[in-house]
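A.B. asks: Numbering (my numbering), first residue to last: 75 to 388.
1. Measuring CB to CB, does residue 368 end up less than 7 Å from residue 341?
2. Measuring only the C-alpha atoms, how far is residue 320 from residue 188?
3. What are the uninterrupted segments assigned as alpha helix (DSSP H) that are 4 or more residues long and contained completely in the stretch 140-194, given in chain order?
4. Measure the CB-CB distance between residue 192 and residue 275 and report whether it falls below 7 Å.
5. Tell me, to the nearest whole angstrom, how far the beta carbon of residue 311 is from that of residue 284; I am working on the premise that it is less than 8 Å.
6. Look up residue 83 in the DSSP assignment and say whether it is helix, strand or coil.
7. Is residue 108 helix, strand or coil by DSSP?
8. Would the C-beta of residue 101 count as close to the ligand FMN, meaning under 6 Å from any of its heavy atoms?
9. According to DSSP, is residue 315 part of a helix, a strand, or is it coil?
10. Roughly how many whole angstroms lie between the Cα atoms of residue 326 and residue 243?
11. Under DSSP, the beta strand (DSSP E) around residue 76 begins and ends at which residues?
12. Could you tell me the alpha carbon to alpha carbon distance between residue 309 and residue 385, rounded to whole angstroms?
13. Residue range of the alpha helix (DSSP H) that residue 370 falls in?
14. What whole-angstrom Cβ distance do residue 204 and residue 241 have, given they're in contact under 8 Å?
15. Distance check for residue 196 and residue 363, CA to CA, integer angstroms please.
16. Pull up the CB-CB distance for residue 418 and residue 99, whole angstroms please, since I reckon it's below 8 Å.
17. Based on Cα-Cα distance, which residue from 387, 253, 305, 333 lies nearest to residue 264?
18. Are three or more beta carbon pairs between the stretch 346-360 and the stretch 370-387 nearer than 8 Å?
19. Using only alpha-carbon positions, find the residue among 317, 170, 247, 198 that is nearest to residue 227.
20. If you draw a straight line from the alpha carbon of residue 81 to that of residue 112, how long is it in whole angstroms?
21. In this structure, how does DSSP classify residue 255 when only helix, strand and coil are distinguished?
22. Using alpha carbons as the reference points, say which of 355, 110, 94, 91 lies closest to residue 78.
23. Kindly indicate which three-state DSSP category residue 286 falls into: helix, strand or coil?
24. Between which two residues does the alpha helix (DSSP H) containing residue 96 stretch?
25. Could you tell me which residues DSSP pairs with residue 246 in its beta bridges?
26. If you draw a straight line from the C-alpha of residue 132 to the C-alpha of residue 379, how long is it?
Structure (structure tokens):
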């Protein structure tokens with residue numbers, strides 16, 4: 075290394091590491107400003123200095139391409155939220171709403187689940203000129219605890235934005251007895267709403283993680299025994315249908331007590347928009363995608379990265 079190399083390194087450290095201007099570097103080293111500019115260029119030419127530009131949009135494009143190709147998705151939207159989980163849900167709600175507003179929903183039947191994410195989508199949907207044929211509730215929504223499912227507010231938000239009538243299910247999503255559930259499902263109105271959900275053109279849903287603090291585990295539907303069973307085998311739920319890492323129904327007994335669209339029925343709908351995020355949901359999201367439950371995905375960037383990491387372990 076000769077004198078010019080050493081001077082170039084010194085100038086580069088002062089300029090790039092210490093943040094001095096070229097004039098300040100020149101004064102400190104006793105050189106003219108043009109000499110410092112030449113030394114900095116020499117440092118680049120010798121490979122002492124490399125410059126990288128990290129474009130988040132390019133990173134998103136790679137993520138979108140990877141997700142699209144791996145899970146045969148029609149569309150992906152990446153969200154860059156703040157750090158807190160509440161803000162992730164809020165940002166997903168905004169992004170999910172904008173994504174739906176970009177879809178041609180005129181004359182279509184739109185099936186909607188419920189949950190915190192769906193509520194935030196409903197609150198962020200803007201009035202449109204579209205006229206959907208109807209908005210169908212995909213699963214029962216009555217709560218047995220002091221926690222609210224907000225199913226009515228969610229459906230109302232979608233109906234207002236899409237200028238469509240509502241078909242609702244004012245029922246518990248999970249019954250205590252199969253016999254009671256079967257009797258209720260024989261009601262002509264209930265049977266029609268359930269059938270309309272199975273035939274929806276577009277479904278909008280989220281997935282839940284299976285952990286003690288999740289909403290579905292605290293609505294009063296599940297006994298302690300049922301909760302323990304699910305915590306042991308399930309990785310997530312879609313429309314309150316619990317599934318394992320292998321994509322199987324986690325508990326046939328609980329599934330038979332559940333009112334709403336089934337996993338196999340969900341998978342057959344033409345457009346299936348999954349809006350979900352948060353690292354704690356990564357395994358539930360990855361499994362849902364692997365099962366083919368979604369055709370479109372709205373997800374936050376950190377969770378998208380984690381989903382692809384999990385996918386490599388299959």
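Just so you know, even glycine gets a beta-carbon here, dropped at the ideal spot from N, CA and C.
C.D. replies: So, from the listed chains and residues:
1. Contact flag unset, no.
2. 25 Å
3. List check, alpha helix (DSSP H) in window: 159-175.
4. It is not a contact, given that the beta carbons lie outside the stated cut-off.
5. 7 Å
6. helix
7. The answer is helix: DSSP assigns residue 108 an H, G or I state.
8. Absence of the ligand FMN is noted for the structure shown, with no ligands found whatsoever.
9. strand
10. 22 Å
11. Counting along the chain, residue 76 falls outside any beta strand (DSSP E), and DSSP gives it neither H nor E.
12. Straight-line Cα distance between these residues: approximately 14 Å.
13. Where residue 370 is concerned, there is no enclosing alpha helix (DSSP H), although the beta strand (DSSP E) it sits in stretches over 370-374.
14. No, residue 204 and residue 241 are not in contact; Cβ-Cβ is about 18 Å, not under 8 Å.
15. In this model, residue 363 and residue 196 are separated by some 23 Å (Cα to Cα).
16. Nothing can be reported for residue 418, as the shown portion of the chain is limited to 75 through 388.
17. 333
18. yes
19. Out of 317, 170, 247, 198, the CA that lies nearest to the CA of residue 227 is found in 198.
20. Looking at the backbone, the Cα of residue 81 and that of residue 112 are separated by about 11 Å.
21. helix
22. 110
23. Note: residue 286 maps to coil in three-state DSSP.
24. 96-103
25. 216
26. Here the alpha carbons of residue 379 and residue 132 stand approximately 14 Å from one another.
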